[in-house]
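Visitor:
In full-length UniProt numbering, the protein residues as written are 1 to 783.
1. Assign residue 842 to one of two classes, buried (16 or more other C-beta atoms within 10 Å of its C-beta) or exposed (fewer than that).
2. Would you kindly work out how many angstroms separate the C-alpha atoms of residue 737 and residue 748, rounded to a whole number?
3. Can you tell me the Cβ-Cβ gap for residue 492 and residue 533, rounded? I've got them flagged as a contact below 8 Å.
4. Give the DSSP-derived three-state secondary structure of residue 206 in the structure shown.
5. Leaving out five residues on either side along the sequence, give the residues of the same chain with a beta carbon under 8 Å from the beta carbon of residue 361.
6. In whole angstroms, what is the alpha-carbon distance linking residue 654 and residue 712?
7. What's the C-alpha gap between residue 344 and residue 59?
8. Answer with buried or exposed for residue 433, where buried requires no fewer than 16 other C-beta atoms within 10 angstroms of its C-beta.
9. How many Å lie between residue 772 and residue 732 at the Cα?
10. Please state whether DSSP places residue 120 in a helix, a strand or coil.
11. Between the Cα of residue 262 and the Cα atoms of 350, 231, 218, which residue gives the shortest distance?
12. Excluding five sequence neighbours on each side, which residues of the same chain lie with their C-beta closer than 7 Å to the C-beta of residue 319?
13. Per the DSSP calculation, residue 158 is bridged to which residue(s)?
14. In the structure shown, what three-state DSSP assignment does residue 376 receive?
15. So, using beta-carbon positions, are residue 402 and residue 385 closer together than 8 Å?
16. Would you mind sorting residue 65 into buried or exposed? The rule is 16 or more other CB atoms within 10 Å of its CB.
17. Applying the criterion that 16 or more other CB atoms from any shown protein chain within 10 Å of the CB defines a buried residue, is residue 660 buried or exposed?
18. Rounded to whole angstroms, what is the Cα-Cα separation between residue 189 and residue 237?
19. Three or more beta-carbon pairs under 8 Å between the region 693-701 and the region 739-755, yes or no?
20. Using only the alpha-carbon positions, how far apart do residue 146 and residue 74 sit?
21. According to DSSP, is residue 92 helix, strand or coil?
22. Mind the definition here: the region 477-491 touches the region 588-603 only if three or more C-beta pairs lie below 8 Å; say whether that holds.
23. Could you round the C-beta distance between residue 635 and residue 682 to whole angstroms and report it? I think they count as a contact, below 8 Å.
24. Within a Cβ cutoff of 7 Å, which residues of the same chain sit near residue 76, ignoring the five residues on either side of it in sequence?
25. Between the C-alpha atoms of residue 714 and residue 589, what's the straight-line distance to the nearest angstrom?
26. First and last residue of the alpha helix (DSSP H) that includes residue 296?
27. To which residues of the same chain is residue 143 closer than 7 Å at the C-beta, ignoring the five residues directly before and after it?
28. Should residue 71 and residue 49 be called a contact, given that it needs their Cβ atoms to be closer than 8 Å?
29. Quick check on DSSP: helix, strand or coil for residue 302?
30. Is there at least one non-hydrogen atom of the ligand ZN closer than 7 Å to the beta-carbon of residue 522?
31. Note the first and the last residue of the continuous beta strand (DSSP E) segment covering residue 484.
32. Helix or strand or just coil, what does DSSP make of residue 167?
33. So for residue 114, helix, strand or coil by DSSP?
34. Could you tell me the alpha carbon to alpha carbon distance between residue 536 and residue 482, rounded to whole angstroms?
35. Using alpha carbons as the reference points, say which of 739, 544, 528 lies closest to residue 557.
36. Does the distance from the C-beta atom of residue 723 to that of residue 680 stay below 8 Å?
Here is the structure:
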């Protein structure tokens with residue numbers, strides 16, 4: 001109220017003069033709340049609980065919180081003494097049948113009155129007594145009273161509980177028999193959740209039963225269930241209890257003995273509904289496994305690398321689930337299932353046959369994706385990517401990916417003198433993912449539930465920028481990826497080799513490089529030899545979670561080991577003017593760290609607030625004074641700050657359109673290049689909501705960020721990172737629609753720049769109400 005009056009002075013006096021009116025409205029709202037309450041009944045407005053105890057150490061506040069959760073029903077929604085949903089219900093006719101819009105408003109926006117006759121205090125007291133018993137209070141008493149006035153026709157129920165001393169555990173006894181089940185349960189005692197002198201608590205007893213069952217499942221007790229465990233509790237010991245853990249007499253014999261595998265069979269071409277064991281192809285006997293069919297489709301050795309159940313082993317739920325997860329993680333099967341068939345018991349052990357049933361996914365697929373490119377230099381044009389996928393390239397569940405890429409850009413706006421200039425890029429990438437660790441060392445991640453992979457990647461790019469240069473680049477990577485659990489993944493590439501070479505530069509471009517030494521160094525023949533590492537924590541795939549996170553820090557290194565080798569060999573440190581070379585090529589040396597975090601707040605199942613933060617820092621050293629061009633950061637575009645064209649922002653306050661620096665004119669050709677930097681900060685937020693559910697969705701968004709240089713570049717004034725970086729952020733906002741048909745998303749976003757760091761005092765382009773809008777058409781969500 002005070003804050004409002006600061007900005008709107010008349011509100012204070014207005015509210016004072018109209019205070020009687022406010023009181024009258026509240027009174028009328030209270031009257032209308034009981035309009036549809038039947039004669040002789042009351043509007044139930046809630047309940048409360050008061051717990052007392054003669055024992056001083058009793059935590060009565062905790063008990064009140066526990067018992068308050070048992071109070072039913074929930075009263076009508078109340079706000080500032082008014083009940084808006086009940087008021088809407090009464091205004092739309094109450095119990096009278098209505099049709100059309102009135103009925104929709106009454107049922108969707110309103111709610112009927114909650115009556116005292118629905119409260120059932122005796123039933124609530126029974127629930128409270130159960131909760132007290134479950135927490136070790138075995139002699140409680142609970143009373144209730146109804147506070148009502150016939151004039152207001154409203155009622156509240158007050159509950160009062162009195163408890164004594166909480167019972168604690170004096171003794172715990174596990175099964176004492178000499179049978180295999182009793183022995184197995186006793187062996188779990190050192191890790192028991194139940195401790196002597198702890199308060200009696202039913203939830204802990206339930207958790208202990210689940211814990212014992214999980215351990216038994218790892219010791220072969222396939223048919224055992226936690227429901228077969230029963231507790232006998234002796235509470236006649238003056239606020240102490242003895243707990244005796246026993247097995248129910250109704251437990252069947254098969255639940256009392258451990259089971260071992262008799263025969264494990266693998267069916268690699270199983271279809272749902274097919275009978276088991278009727279394959280026309282005789283099995284291949286491989287390491288005691290029966291393998292159907294023969295090895296024309298899958299190598300038995302590869303499949304068995306993902307199988308952790310073996311003849312003669314005790315049944316283990318962990319190994320069972322690990323087998324299913326590893327087989328599905330191969331990526332070559334749509335379904336993987338293990339069916340168990342019990343056999344006649346032999347001695348004290350049971351016997352199981354395990355049939356591993358695998359349904360193959362489609363082996364090969366081809367996909368084409370067409371894109372449009374628009375850059376800040378006025379260049380635009382189409383791009384295409386054709387992808388080929390083979391899920392079983394070498395009969396060992398190897399995943400082969402081949403991408404052919406091409407794009408063509410032409411200057412359609414900007415400098416008329418350069419209208420018609422073109423840029424062409426073509427390339428090919430190939431990746432092979434092998435479902436095992438290929439290493440000179442004997443490494444096997446057998447404890448993981450997920451399949452580790454070795455990745456080989458090879459790529460080539462050719463760029464032709466008319467009247468400037470041509471460039472060839474090659475890359476090779478060798479590394480590993482594996483999951484520790486469903487939410488974490490590690491990517492380690494110990495070998496990363498990238499080489500780029502500038503060919504056929506024009507005299508004009510060479511003259512440009514002479515004027516700009518930083519740009520010249522970025523375009524030098526570059527050889528990157530190093531490695532990279534990335535850790536990923538991702539809970540965004542967990543359905544039903546209100547808070548979803550994605551956290552991914554990364555580290556990229558180049559030239560470290562080679563630099564140390566050459567320093568020892570040449571007896572001198574690295575020098576950018578006289579760099580260390582490998583087969584005649586200068587080695588790039590840098591350290592680069594980056595971080596990507598995302599947080600989704602699922603307000604409801606369909607309303608989502610999605611946020612993202614990107615940060616990165618690259619530091620050249622030794623041989624290098626600048627990061628290689630392909631390793632520098634760029635910002636802007638449909639998946640970044642959408643109010644600005646791709647890679648058009650920064651660095652810092654630098655404006656590439658200002659073609660005059662002091663007395664030296666700058667060639668306009670430099671504006672052709674994307675703006676890049678060594679440091680990146682970017683934040684994005686989107687509010688996503690349905691329009692025409694489930695296929696058409698909308699979003700409001702805001703983006704902010706910039707890039708900066710680590711070192712001052714005289715040809716890009718204002719580009720170095722400084723303490724006032726917050727005032728240099730580019731900011732944009734807008735709205736968009738998305739056509740989401742599950743297997744792909746078409747996204748159209750219209751964004752407006754709210755703050756451009758190149759404008760005086762961080763202004764914005766002024767064209768119309770919001771400035772110059774940027775239309776973004778893209779595939780998929782931006783993050």
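Built from N, CA and C at the ideal position, the CB exists for glycine as well.
Guide: Walking through what the data contain:
1. In the structure as shown, the chain begins at 1 and stops at 783. Residue 842 is therefore absent and cannot be evaluated.
2. 6 Å
3. 5 Å
4. helix
5. 331, 332, 333, 334, 391
6. 12 Å
7. 55 Å
8. buried
9. 11 Å
10. coil
11. 350
12. 308, 309
13. 48, 145
14. Below a pLDDT of 50, predicted positions are generally treated as unreliable, and residue 376, at 48, falls in that range; the measurement from the model is reported next regardless. Reduced to three states, the DSSP call for residue 376 is coil.
15. no
16. exposed
17. Low local confidence applies: a pLDDT of 43 at residue 660 is under 50, so the model's placement there is unreliable, with the coordinate-based value given in what follows. Flag for residue 660 reads exposed.
18. 23 Å
19. yes
20. 16 Å
21. coil
22. no
23. 6 Å
24. 83, 85, 86, 111, 113, 114
25. 22 Å
26. No alpha helix (DSSP H) holds residue 296; DSSP gives it neither H nor E.
27. 160
28. yes
29. helix
30. Ligands in the displayed structure: none, and consequently the ligand ZN is not present.
31. 469-485
32. coil
33. coil
34. 11 Å
35. 528
36. no
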